[in-house]
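Numbering of the sequence shown is given in our numbering, commencing with residue 7 and proceeding in unit increments.
So the structure is just underneath, and the comments pick up after that.
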Amino acid sequence: MTQSLVTNRKSFLLQIIPVMLCFFVMGFVDLVGTASNYVQKDLGLTDSQANLFPSLVFFWFLIFSVPTGMLMNKIGRKRTVLISLIVTALSLFIPAFGDSYIIMLVSFSLLGIGNAIMQTSLNPLVTNLISSDKLASTLTFGQFVKAIASFLAPVIAAWGATTVFPTFGLGWRALFVIYAVISFLSISLLAATPIDEERPDKASGVGECLKLLGRPFIFLCFIGIMCHVGIDVGTNTTAPKIIMERLGLPLEEAGFATGVYFIFRTAGCFIGAFILRSMSPRLFFAISVLMMLAGMCILFTCDTLTPLYAGIGLIGFGNSNIFSVVFSQALIYAPNEKNEVSGLMIMGLFGGTVFPLAMGYAADAVGQAGAVAVMTVGVVYLLYYTLKIKSTK
């Protein structure tokens, strides 16, 4: 009996480790904020031009989320995840040939497509390995692993830009090559991992998903997801620009602001899983949104480094669990239409396109305070959404 338990545990680890590495690769999408700042510096772009990169990445969530659900039902979840990994690896390898505007547009487009497919297919794949009572904690740990990749991106980029260690002329673009190698490793491990999948559910159509927007609460949830992602991508992109604008620091130093954001977002994701066990979703959500509002106020008013870091940290911690609460509220509201709701909520990641574009134009007009104002609109909406959350505890 003991030998059987040891064997089962070993078999489980051999399956879950490659899947968790996929979550790490999922976090590569967050390098777009760091990379767009370096591209802006190298090519002398305006804020609106540079913010096209993160906007382009998240545009593909609008296009690929529902079709990916259909694809999973035809070829299976594991194969769909493998396709996403291949597209991601290709997107990361392209910048090795240069960082011209066209090359980076192609790279970020493929990165967005790969991540849209991965976001839609990887979470369902986990359900084939984990019992339902442990699913939430496993997915939370997956988000924690994802956040580690997000945190490392600005660190690796700064290392590549400043190190005397040979990077073969890549500079900060060494980040792409390193992450491409990890992506190829993830492809190899997942492809070699046997995973038994249950018979797929009936695929949802675009019309079935969009029809749900006619329900007021589902529509509120959809906009909530858009605001969450918009604030996430917006802070990731804008935090270093605020520090450069107000303190005159070079990008290699100001880029650590993105690391601060992801440190607190990672910590918030980990801690939030435990807090939500004893606190009502509405109260926890309200505290999280108020933290973000306080952070935005700091970014509006302060011009010294420590308070700015504190504001960025408050936004990171506050925004870390917004997605999970909004997503779960939508599923609870429509328990018989989970597939359609899931596809629609993933489409809401399109907010990562809308917000950076608006922030870029606002920043060109009045400076980075304009970008912060756009994000603050999203925070105010989430404060309103708090009133609509059903308290379950």
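We put the beta carbon where it would ideally sit given N, CA and C, even for glycine.
Separation of the CB atoms of Ala153 and Phe333 is rounded to 17 Å, and the pair is thereby denied contact status at 8 Å. Under the DSSP assignment, Thr392 falls in the alpha helix (DSSP H) whose first and last residues are 374–392. For Thr199, there is no enclosing alpha helix (DSSP H), as DSSP marks it with neither H nor E.
Contact check between the region 233–252 and the region 346–362: three or more CB pairs, one atom from each, fall below 8 Å, which counts as touching.
Look at Asn79 here: in three-state DSSP terms it is helix. Annotation: the continuous alpha helix (DSSP H) that includes Ile123 extends over 107–132.
Going by beta carbons, Lys396 and Ile338 fall inside the 8 Å limit. One thing to note: Met250 has its Cβ no nearer than 8 Å to the Cβ of Val385. Its Cα nearest to that of Cys308, the residue Arg252 stands out among Gly324, Arg252, Arg283. Collapsing the DSSP output to three states places Asp36 in a helix.
Ranking Leu311, Gln335, Val239 by CA distance to the CA of Leu62 puts Val239 first. For Lys247, the enclosing alpha helix (DSSP H) has its first and last residue at 222–253.
Per DSSP, reduced to three states, the secondary structure at Ser54 is helical.
When DSSP states are grouped into helix, strand and coil, Cys303 belongs to the helix group. Separation of Gly104 and Ala186 (C-alpha to C-alpha, rounded to the nearest whole angstrom) is 15 Å. Assigned with DSSP and collapsed to three states, Ser192 falls in helix.
Distance from the CA atom of Val347 to the CA atom of Asn242, rounded to whole angstroms, is 27 Å. CA-to-CA, the gap between Glu259 and Ile162 works out to about 12 Å.
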